[in-house]
Amino acid sequence: MFALSSQLINATRASRSRSRSETQIKSLYLYPLRTIHYSLSPIPYPLSPLVKLVIVIISIVSLLILENKFPFFPYKTPLRSRIVNNFELGSINSIVSSLFALAVARTIDLHSTAGILSTLPSPIIAGGLSFLILDLYMYFWHRMMHTIPIAWRFHLVHHTDRQMNVSTAYRFHPIEIIGSSIPKLFLIWSLGISSNFVLIYELVFTAIVALHHSNFALPPAIDRALAYIILTPHYHRIHHSQVVADTNSNYASVFIWWDRLFGTYRDRQNMQNIQLGISEESGELNLLLSLILPLPNSKP
1 MFALSSQLIN
11 ATRASRSRSR
21 SETQIKSLYL
31 YPLRTIHYSL
41 SPIPYPLSPL
51 VKLVIVIISI
61 VSLLILENKF
71 PFFPYKTPLR
81 SRIVNNFELG
91 SINSIVSSLF
101 ALAVARTIDL
111 HSTAGILSTL
121 PSPIIAGGLS
131 FLILDLYMYF
141 WHRMMHTIPI
151 AWRFHLVHHT
161 DRQMNVSTAY
171 RFHPIEIIGS
181 SIPKLFLIWS
191 LGISSNFVLI
201 YELVFTAIVA
211 LHHSNFALPP
221 AIDRALAYII
231 LTPHYHRIHH
241 SQVVADTNSN
251 YASVFIWWDR
261 LFGTYRDRQN
271 MQNIQLGISE
281 ESGELNLLLS
291 LILPLPNSKP
């Protein structure tokens, strides 16, 4: 009896430990900072959060250097205040999303692996499907943010940047971050998407989103070649145009296929003449103005 009790206690402790670890891992994916705010809890090789953090920092610093040396658009005003504001928003989103995700993950018990993807015999198939599903979700979420008026009020914060650069990838209202997390958490849980597959997607997502928001003048031949598969800076600059028809296009995050498939793909020439942001009359938003922008009567 004593031996059985000891075994039960040990099994319970092990189960709780696994639950905490899995919950922490699966909660650390939220948009837009994603990989930057991961805790350093253990994750199976090669997805160490420390390795991911280093990769993300290197990619951001590299793009900041490249867009400064080879800018697509000439900078009209100094970027320092804009970059500081964007990363301030990103830092707030990092904290808010981490706390919110942890609370929700505990509530819906994300350590469950009952979803259909967890039953597939091939990790390659499961991983590929997981990646496609997560990216398709991001496409429809982004499209919804442009379609529903109240959602657009929050997403507007992202589009007010008139000198797009790599820091624009982190310029989002915290409410949008929380809103995007709810269906995505349930999607991961209901389909049984592995935490490692979530982390792989988030790493790729973060790198590509940083690239297509950057002001780096990617050589046209490379941009065209990449655009057969992923959304490139050329197409995302169109999305950030002040022209409404442009803004309501090119919603993809990673794969540009979704825009081609669902009729939201758009191309245009004379990109050097494109006007980014909401309007030329809109002023620069500091942190406070960015947070209150969705409120009624607030103007960019």
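Residue numbers (the UniProt record's numbering): 1 to 300.
The C-beta atom is built at its ideal place from N, Cα and C for all residues, glycine as well.
Listed in chain order, the non-local C-beta contacts of L134 below 6 Å within the same chain comprise Y201, local neighbours out to five positions each way being set aside. Relative to F87, the option among Y137, I150, D161 whose CA is nearest is D161.
For D223, the enclosing alpha helix (DSSP H) starts and ends at 220-226.
Taking C-beta atoms under 8 Å as the contact rule, A169 and H239 fail to qualify, at a distance of about 13 Å. Within the DSSP bridge table, the entry for P71 names F216 as partners. With a cutoff of 8 Å on beta-carbon distance, F216 and F73 are scored as not near each other. Remark: C-beta atoms of S97 and I177 approach each other more closely than 8 Å. Exclusion of the five residues before and after V204 leaves V254 as the residues of its chain whose Cβ lies within less than 7 Å of its Cβ.
Annotated three-state conformation of S62 is helix, per DSSP.
Exclusion of the five residues before and after R260 leaves no residue of its chain whose Cβ lies closer than 7 Å to its Cβ. If you draw a straight line from the Cα of N286 to the Cα of Q242, it is about 20 Å long. I193 places its beta carbon less than 8 Å from that of G115. Taking 8 Å as the upper bound for CB-CB distance, I188 and I230 are not in contact here, some 22 Å apart. In this chain, P294 is not harboured by any alpha helix (DSSP H), its DSSP state being neither H nor E. A straight-line Cα-Cα distance of about 11 Å links R153 and I175. Annotated as proximal: T247 and H146, with beta-carbon spacing under 8 Å. Listed as beta-bridge partners of L276 by DSSP are S241. Contact between L63 and A210 holds: their C-beta atoms lie close to 6 Å from each other, under 8 Å. In the DSSP annotation of this structure, the continuous segment of the alpha helix (DSSP H) that includes K184 starts and ends at 174-191.
Spanning the alpha carbons of T77 and L117 requires a straight line of approximately 49 Å. Per DSSP, the continuous alpha helix (DSSP H) segment holding R153 begins and ends at 149-159. For R268, no alpha helix (DSSP H) encloses it, and the DSSP letter there is neither H nor E. Looking at P296, L289, L53, the one whose alpha-carbon comes closest to that of F172 is L289.
Between I83 and S167, the C-beta gap is smaller than 8 Å, which places the two residues in contact. Only residues of its own chain outside the window of five on either side were considered, and among them Q163, N165 have a CB closer than 7 Å to the CB of L79, listed in chain order. Around the beta carbon of Y228, fewer than 16 other beta carbons lie within 10 angstroms, which makes this residue exposed.
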